[in-house]
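Undergrad: Take 3 as the starting number for the sequence shown in the working numbering and just add one per residue. Shown below is the structure under consideration.
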Amino acid sequence: MAFFQEPPRLGNQFDDDPLLPSWIDRHVGDAAVVEDLRHAGDLAVEYYGKQLLDRENEPVLVQWDAWGHRVDRIEVSPLWREAQVLAARHGLVAAGYEPRLGARARTHQFALVHVLGPSLDVYSCPLAMTDGAARTLLASGERALIERYVPRLTSRDPATMWTSGQWMTERTGGSDVSQSETIARRDGDGWRLYGTKWFTSATTSEMALTLARPVRDDGTTGDGSRGLALFLVELRDADGRLRDIQVNRLKDKLGTRKVPTAELTLAGTPATLVGNASDGVRAITPMLSVTRTWNATSATSAMRRGLALARDYARRRRAFGALLVDKALHADTLAALEAEYAGAFCLAFRSVELLGLLEHGSADARDSAERLSRALIPIAKLTTGKQAVAVASEAIESCGGAGYIEDTGLPRILADAQVLPIWEGTTNVLSLDTLRALGKGGALEALHAEVERCVAGVTDPGLAAPAEAARTALRCATAWVTDAMSRPDRLEAGARRFAMTLGRTLELALLVDHAQWCLASGHASGPRMAAAARRLAFAGVDQIAEAALDDTKLLA
């Protein structure tokens with residue numbers, strides 16, 4: 003009889019997660035939230051099945067109608083439209099702004115994203131930008147804009163919820179916005195934008211925030227990033243037509259192919275100034291904290307989805323006389339990946355917790371969270387982004403040849419994960435951001451205090467060695483950066499290794515802390531979390547070892 007391999011099956015993505023239930027018990031402690039997440043876990047299974055069936059249904063740009071009129075209409079898949087409804091009803095943005103849980107609301111929100119997001123064809127992309135737009139408008143203090151847009155962006159009603167784009171990237175590049183060429187001209191009481199936006203995700207959104215360079219009365223513009231201002235654009239008029247926006251093309255991307263990413267020409271697009279006619283980059287700072295936290299959470303959810311399928315496959319695939327899960331080498335590989343996921347999860351959700359404190363904490367809590375988040379959030383984004391690609395790659399490799407075949411759905415996990423180290427700042431850019439954050443004072447001390455807070459309460463003997471590994475790595479990183487301050491070329495060359503050491507040190511310390519809590523509280527996941535901490539320490543957290551600068555110059 004012919005053999006057919008049974009495919010991996012997805013279980014409830016809340017109940018089956020080795021870490022999330024204990025984290026919710028500890029940091030939220032709300033039965034209604036648990037039930038909400040369990041329901042989301044069932045939906046994740048249902049929509050994963052729909053995702054596989056809808057795999058080839060990618061966005062299509064219709065530039066012209068049958069009679070020669072330019073329409074620039076983007077057709078998206080049925081699943082993308084369903085995701086919009088699902089995201090609104092289940093509060094994937096709204097839950098973070100609802101008052102019942104206070105600062106804990108962000109943990110509830112991002113747990114929903116973690117569970118459900120990987121089944122929604124990267125609909126997390128417009129949701130992240132929507133969340134960032136809502137936070138940016140609230141931080142702006144612009145009462146009229148807040149009253150008009152924030153209720154739409156944070157609504158649970160699919161009929162009224164809006165999503166927002168984020169248009170920063172131009173032909174001159176994405177991370178260095180100081181070279182942005184888009185200009186803004188006054189038109190009566192308002193503004194109109196002119197320029198090309200090279201990479202605009204979620205172009206089917208109702209609005210977008212974007213940077214442009216205002217033209218002064220004398221015809222000049224400000225230079226660099228200080229000459230940029232933040233603008234809000236409503237994309238369509240009452241009849242649904244784009245408002246002086248041309249869609250040049252959809253981007254043919256490696257991954258996130260369901261996301262309608264476009265190149266746009268702004269040809270006198272009406273816009274509303276948000277804040278001052280300068281310092282627009284400073285105005286988007288609240289957005290970056292939010293979207294980078296989404297990025298870190300999406301990285302952990304990608305790891306989780308790959309591991310969930312790989313683990314189930316190992317219990318169904320028989321080779322060389324035994325199930326893969328019973329093969330020592332395969333079990334060792336999966337264990338190493340689980341440890342990476344556990345560390346990444348703790349760091350991402352610590353970022354989530356800080357976001358909640360920044361928004362709803364007491365004055366002292368906000369001040370402390372601000373100092374810590376200044377460095378921790380970019381570190382979390384860069385560290386988890388790199389881990390997501392590595393873990394996704396290993397997860398699909400563990401499924402053998404099937405992991406390489408598109409219609410199994412497994413390769414999409416890796417292709418989509420590759421965007422995570424790129425979007426919202428590449429690993430190198432965020433490594434330099436980390437150095438800048440530490441240069442402002444107080445941030446490095448805050449990281450030391452965070453690590454010490456995590457490891458100081460360790461009483462379980464099995465966690466003593468991982469706790470000391472975290473302390474040692476942080477001491478090494480601090481000694482290196484202090485010594486390298488006098489050599490700018492050395493400091494910059496080692497910035498990535500330094501930032502990754504900080505990231506992995508924080509992951510280990512936070513995982514040790516959570517494992518100790520689980521053991522002390524008698525939580526069933528305690529022994530597993532302790533094992534994950536030991537395995538993460540075994541994998542190594544100190545990345546500081548320096549390469550010779552002369553060799554770098556020769557090789558580069």
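Don't be surprised by glycine CBs; every beta carbon is placed ideally from N, CA and C. Every value quoted in this text rests on a predicted model; they were computed, and no experiment measured them.
For the alpha helix (DSSP H) containing Tyr-49, list its first residue and its last residue.
TA: Residues 33–55.
Undergrad: Taking the alpha carbon of Ala-397 as the point to measure from, which residue in Asp-409, Arg-414, Ala-90 has its own alpha carbon closest?
TA: Answer by Cα proximity: Arg-414.
Undergrad: Using only alpha-carbon positions, find the residue among Ala-312, Leu-349, Phe-351 that is nearest to Ala-333.
TA: The option with the nearest alpha carbon to Ala-333 is Ala-312.
Undergrad: Measure the C-alpha to C-alpha separation of Ser-207 and Val-235 and round it to an integer number of angstroms.
TA: For Ser-207 and Val-235, the distance between alpha carbons rounds to 11 Å.
Undergrad: Looking only at C-alpha atoms, which of Leu-118, Ile-247, Thr-287, Arg-489 sits nearest to Glu-48?
TA: If we check each option's Cα against that of Glu-48, Leu-118 comes out closest.
Undergrad: Can Thr-386 and Leu-432 be called in contact, C-beta distance under 8 Å?
TA: Going by C-beta atoms, Thr-386 is not nearer than 8 Å to Leu-432.
Undergrad: With distances taken from CA atoms, which of Arg-307, Gly-51, Asn-297, Met-531 is nearest Ala-130?
TA: With distances taken between Cα atoms, Ala-130 lies closest to Asn-297.
Undergrad: Return the CA-CA distance between Leu-384 and Ser-227, expressed in angstroms with no decimal places.
TA: Each residue's Cα considered, the two are about 23 Å apart.
Undergrad: Using DSSP bridges, identify the partner residues of Leu-275.
TA: Beta-bridge pairing links Leu-275 to Phe-233.
Undergrad: Closest to Val-78 by CA distance: which of Thr-474, Gly-542, Met-163, Arg-259 is it?
TA: Here the closest residue by C-alpha is Arg-259.
Undergrad: Just checking, does the region 145–162 make contact with the region 177–195 on the three C-beta pairs under 8 Å criterion?
TA: Contact between the region 145–162 and the region 177–195 is absent, because fewer than three Cβ pairs lie under 8 Å.
Undergrad: In its own chain, which residues sit with a C-beta less than 8 Å from the C-beta of Gly-391, not counting the 5 before and 5 after it?
TA: The identity of residue 391 in the sequence shown is Val, whereas the question assumes Gly. For Val-391, where only same-chain residues beyond five positions count, the Cβ hits under 8 Å are Leu-416, Ala-419, Gln-420, Leu-422, Pro-423.
Undergrad: Taking only three categories from DSSP, how would you classify Tyr-315?
TA: The answer is helix: DSSP assigns Tyr-315 an H, G or I state.
Undergrad: Hey, could you find the ends of the beta strand (DSSP E) Asn-250 is sitting in?
TA: Asn-250 -> beta strand (DSSP E) spans 247–252.
Undergrad: Run through DSSP, which three-state label would Arg-218 get?
TA: DSSP places Arg-218 in coil when its eight states are reduced to three.
Undergrad: Starting from Gly-175, follow its DSSP beta bridges and name the residues at the other end.
TA: The partner list for Gly-175 (beta bridge, DSSP) reads Glu-172.
Undergrad: Beta carbon of Gly-224, beta carbon of Ser-142: below 8 Å?
TA: The answer is no: Cβ separation not under 8 Å.
Undergrad: Starting from Thr-202, trace the beta strand (DSSP E) in both directions and tell me its first and last residue.
TA: Element bounds for Thr-202: 192–202.
Undergrad: Alpha carbons only, please: which of Arg-40, Trp-82, Leu-45, Arg-75 is nearest the one belonging to Asn-59?
TA: Ranking the options by Cα distance to Asn-59, first place goes to Trp-82.
Undergrad: By a C-beta neighbour count over all protein chains shown, 10 Å radius and 16 as the cutoff for buried, is Thr-554 buried or exposed?
TA: That one is exposed.
Undergrad: For Ala-204, which option in Tyr-196, Thr-212, Thr-165, Ala-214 has the closest C-alpha, if you only look at C-alpha atoms?
TA: Among Tyr-196, Thr-212, Thr-165, Ala-214, the Cα nearest to that of Ala-204 is on Thr-165.
Undergrad: Under three-state DSSP, which class holds Asp-189?
TA: Asp-189: strand per DSSP, three-state reduction.
Undergrad: Between which two residues does the alpha helix (DSSP H) holding Gln-65 run?
TA: Here Gln-65 belongs to no alpha helix (DSSP H); instead the beta strand (DSSP E) covers 62–66.
Undergrad: I'd like to confirm the pairing. Which residues does DSSP put opposite Ile-415 in its beta bridges?
TA: According to DSSP, Ile-415 bridges with nothing at all.
Undergrad: Output the distance between the C-alpha atoms of Phe-500 and Thr-299, rounded to the nearest integer angstrom.
TA: Each residue's Cα considered, the two are about 22 Å apart.
Undergrad: Look at the Cβ atom of Arg-40, then the Cβ atom of Phe-5, and state whether they are nearer than 8 Å.
TA: Not in contact: Arg-40 and Phe-5 (Cβ atoms no closer than 8 Å).
Undergrad: Could you give the distance in angstroms between the alpha-carbon of Ser-157 and the alpha-carbon of Gly-98?
TA: For Ser-157 and Gly-98, the distance between alpha carbons rounds to 11 Å.
Undergrad: Have a look at Leu-339, Gly-221, Gly-441, Arg-368 and flag the residue whose alpha-carbon is nearest the alpha-carbon of Thr-480.
TA: Of the listed residues, the one whose Cα sits closest to Thr-480 is Gly-441.
Undergrad: Taking contact to mean 3 or more Cβ pairs, one atom from each stretch, closer than 8 Å, check whether the region 311–330 and the region 369–381 are in contact.
TA: Output reads no: the region 369–381 does not touch the region 311–330.
Undergrad: Quick one: give me the first and last residue of the alpha helix (DSSP H) that Glu-470 is part of.
TA: Per DSSP, Glu-470 belongs to the alpha helix (DSSP H) from 466–486.
Undergrad: Distance check for Tyr-406 and Val-2, CA to CA, integer angstroms please.
TA: Residue 2 is absent from the structure shown; the chain starts at 3 and stops at 558.
Undergrad: Beta carbon of Leu-357, beta carbon of Val-292: below 8 Å?
TA: Contact flag set, yes.
Undergrad: Within the continuous beta strand (DSSP E) that includes Glu-77, where are the two ends?
TA: From DSSP, the beta strand (DSSP E) with Glu-77 extends over 72–77.
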